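Accompanying notes for the structure given below.
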Amino acid sequence: MNEQDIDFAIIMTSGPDTPKRLPAPFFFAATAAAAEMGVIVYFTGQGTLLLRKGVAEKIYPKAGGMSVKHFMDQALNNGARFVACKASLDLNDIPAGDLAYELPMVGVAEALPYMGAAKKLVSF
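Take the sequence shown: its letters are residues 1064 to 1187, numbered as in our numbering.
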């Protein structure tokens, strides 16, 4: 995906400490991707904690509901692309081997062109 292909970008800063906020960005990503929009979800800050193996599977925004991993997988299966902030992974002591997904790890300088080129940008 190049810069011109980004219709919708989501900056994901929310993490496990705000479980009720977590489904919405993945609903947006899944829906936009299903509508054949180019979607990127950039995980940074506490959002990178969701990428650690075993974390998203254990977070249920609503008792008896689906896990956050379910919503994340739905977005990916519909065609959204996940990207992680390398500095935030380092800040949260998450080595590449502990990631639940295979995804690019980039710095802010690498991510900014994609965010700037996006036709729509939201932050959670």
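Ideal Cβ placement from N, Cα and C applies to all residues, glycine included.
On a predicted model such as this, the values are computed, not experimentally measured, just so you know.
Here Phe1071 is bridged, per DSSP, to Val1102, Lys1183. Here Val1171 is exposed, its C-beta having fewer than 16 other C-beta atoms within 10 Å.
Only buried fits Ala1119, as 16 or more other CB atoms lie within 10 angstroms of its CB. When beta bridges are read from the DSSP output, Met1168 appears opposite Ala1147. In this chain, Val1118 is not harboured by any alpha helix (DSSP H), its DSSP state being neither H nor E. If you ignore the 5 residues before and after Arg1084, its C-beta comes within less than 7 Å of the C-beta of Ser1077, Phe1187, all in its own chain and listed in chain order. Between Ala1181 and Ile1069, the C-beta gap is smaller than 7 Å, which places the two residues in contact.
Under the three-state reduction of DSSP, Leu1175 is assigned to helix. For a cut-off of 8 Å, the C-beta gap from Ala1097 to Asn1141 is around 5 Å, short enough to register as a contact. Burial state of Gly1110 is buried, judged by a 10 Å Cβ sphere holding 16 or more other Cβ atoms.
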